[in-house]
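Residue numbers (this note's numbering), protein chains in the order written: chain A, 1 to 278; chain B, 1 to 344.
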């Protein structure tokens, strides 16, 4: 009885803020405005057949995949070094890493403009050497940079926490049995940290696919992602039906993606890794 | 079980707390962001004893969505021309009793009975403005006089466009010699092709950020509202504003009362207050957009004669946007195509 009571807030929260809104999105996706209220319709989905939207979806996934890969490449070594360092500096590094996260997301992203604009700090510095201004903003590269910058800590933390749990004795055992440091890493450390990488991937990839703020700021409005199109349906066009249909499609793709991630997670758990942050 | 009771009691307490509060007369005002001089609301509250709950929106469409889809009742709204036309058509606005707006006669006759509210029953003009090109004198070879400057290859990566579909498509239609309210498929398609052709030249598509970028010398040319141009010119004297010879858009932001308002008398008092010359001058002086009241302009000194904010509107072919009604779809699809092509 007591236990169930404690869970009530969770159920209420989930119902009100997760399940109910989802149902509304589904409702809008499968209906259309008709003269007599709403009617069942697949019109919103048939509009998606337009190759234009497919192009935007593909571009969104391309940018999210690249950003996620960059996050792994930068985040893994960072997490590794962090997990191996001695305790005093470790605390400072973790704080330094999390410090930007305490600042507003928009501010953080806007500050990149000061650096990257044609009249920004980097170009001003380069101009001292007679270099013509380089246009960084408004490209897919800039959007990837903004995404990596904002979501990198979400990659580092899960990997870091997994690596912390790695027992030194495992590494010693591997070394005693004749593995060189590279082999120790490949055969022990890396497989052990796979669950951390996977939860990092899902925490970086999912928001990256649907972002519209980053693409608007870093992309100077030149790089349209699927999030921009969805946002526009709600805020400008007032076509909630099409916006919902787009959201449903993205959700299905992301769900499929999460399914594969989770399967990988389960397989990794059958090995020796720990499960965290899901 | 005790815990459950405690929980219910807590909830009940919270609810009763929320219920009691200030019992002064209140009005709810819904205006654009940064679109009123600081202190004006305090002054209104002091003079009338009416408490103002002030909320802000970013686009007409945001405001419309909220009015249409929520039961949240506002008493004063300040939308733009085409949106007012649409809201009148959808019965979302209440008629204003002009007898209660004692300062209504301070509004110049040329800003009354405009196309979006021909009998002037639903709206009282707050500000107006034009759309034009803001350019940096040190970065252009010659002062632009045509929209063509925004399509000039020599300004590649030096052009900032407005990320707003009605404005961007509108000036393109003007450039091509069409009405900015056209619904002709051929003309709209021509505008679309033109905007796609322009794409490689454009440095950025923004709305509010244009001010920072132009002041900082980030680009040579930008499509802006005159009110923003006034602000930018004040911050960077190298900037100048021009309304191109092909003509442009003239817009009005007017005060309205929604049909489901809760305090119409209070709303009318507020509108009246905002029309008072000293208050109108304070607002126009702060936000930089043009005041429709001569009495207010006279109080503003030099700023009341600034040709950027107060051009001779008879010299240009200026059109007011009309509501597209259910034809908005055509624009939306056009615009989606344009923004999708960007950077591909």
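The beta carbon of each residue, even a glycine, is placed where N, CA and C say it ideally should be.
Work out the CA separation of residue 142/A and residue 235/B for me, nearest whole Å. 29 Å
Residue 31/B classed as buried or exposed, judged by whether at least 16 other C-beta atoms fall within 10 angstroms: buried
Closer than 9 Å at the beta carbon, the chain A residues around residue 64/B: Here the neighbours are 238.
Under the three-state DSSP convention, the category residue 327/B falls into: helix
Across which residues does DSSP place residue 124/B in a beta bridge pair? 255/B
Are there 16 or more other CB atoms within 10 angstroms of the CB of residue 256/B, so buried, or fewer, so exposed? buried
Hey, residue 224/B and residue 132/B: beta-carbon distance below 8 Å or not? Yes. Within cutoff.
Report the neighbours of residue 216/B on chain C: residues whose CB is nearer than 8 Å to its CB, in chain order. The chain labelled as chain C is not found among the protein chains of the depicted structure, namely A and B.
Quick one: using the 10 Å Cβ neighbour count with 16 as the cut-off for buried, is residue 244/A buried or exposed? buried
Is there a Cβ of chain B sitting closer than 8 Å to that of residue 222/A, yes or no? yes
Which residue from 79/B, 241/B, 125/B puts its Cα closest to that of residue 323/B? 79/B
Candidates 306/B, 241/B, 231/B: which alpha carbon is nearest residue 221/B's? 241/B
When the Cα atoms are used, what is the spatial distance from residue 230/B to residue 115/A? 27 Å
Range covered by the alpha helix (DSSP H) that runs through residue 267/B: 264-275
Just the chain B side, please: which residues come within less than 8 Å of residue 235/A by C-beta, in chain order? Simply 59, 61, 62, 65.
Quick check on the DSSP output: the beta strand (DSSP E) that includes residue 62/B runs from which residue to which? Not the beta strand (DSSP E): residue 62/B falls in the alpha helix (DSSP H), residues 60-69.
Contacts of residue 169/B in chain A (Cβ-Cβ under 9 Å): Residues of chain A passing the Cβ test: none, with the nearest at roughly 13 Å.
Consult DSSP for residue 223/B and reduce its assignment to one of helix, strand or coil. strand
Among all the DSSP beta bridges, which residues are the ones paired with residue 293/B? 107/B
List, in order along the chain, the chain B residues whose C-beta lies closer than 8 Å to that of residue 52/A? Think of a sphere of 8 Å around the beta carbon of residue 52/A: the chain B residues whose beta carbon falls inside it are 336, 337, 340, in chain order.
Residue closest to residue 27/A, alpha-carbon to alpha-carbon, out of 214/A, 17/A, 40/A, 80/A: 40/A
Going straight from the alpha carbon of residue 204/B to that of residue 211/B, what length do you get? 12 Å
Short of 9 Å Cβ to Cβ, which residues in the segment 128-159 of chain B face chain A? 157, 158
Count the other C-beta atoms from every protein chain shown that fall within 10 angstroms of the C-beta of residue 189/B, then say buried if there are 16 or more, exposed otherwise. exposed
Please confirm whether residue 163/B has its beta-carbon closer than 8 Å to some beta-carbon of chain A. yes
What would DSSP say about residue 233/A, mapped onto helix, strand or coil? helix
With H, G and I counted as helix, E and B as strand and the rest as coil, what does DSSP make of residue 224/A? Residue 224/A falls in the coil class under three-state DSSP.
State buried or exposed for residue 1/B, treating a residue as buried only when at least 16 other CB atoms are found within 10 Å of its CB. Confidence at residue 1/B is low in this model, with a pLDDT of 47, below 50, so its placement is unreliable and no value can be given for it.
By a C-beta neighbour count over all protein chains shown, 10 Å radius and 16 as the cutoff for buried, is residue 77/A buried or exposed? exposed
Determine the burial state of residue 338/B: buried for a count of at least 16 other Cβ atoms within 10 Å of its Cβ, exposed for fewer. Buried, by the Cβ-count rule.
If we call anything under 8 Å between Cβ atoms a contact, is residue 174/A one with residue 187/A? Yes. Within cutoff.
Nearest-angstrom Cβ-Cβ length linking residue 147/A and residue 211/A, presumed shorter than 8 Å: 7 Å
How is the beta strand (DSSP E) around residue 149/A delimited, first residue to last? Looking at the DSSP string, residue 149/A is not in any beta strand (DSSP E); the run it does join, the alpha helix (DSSP H), is 140-164.
Less than 8 Å between the C-beta atoms of residue 208/A and residue 64/A, yes or no? yes
Could you round the C-beta distance between residue 293/B and residue 106/B to whole angstroms and report it? I think they count as a contact, below 8 Å. 5 Å
Buried or exposed for residue 263/A, please, with buried defined as at least 16 other CB atoms from any protein chain shown within 10 angstroms of its CB. exposed
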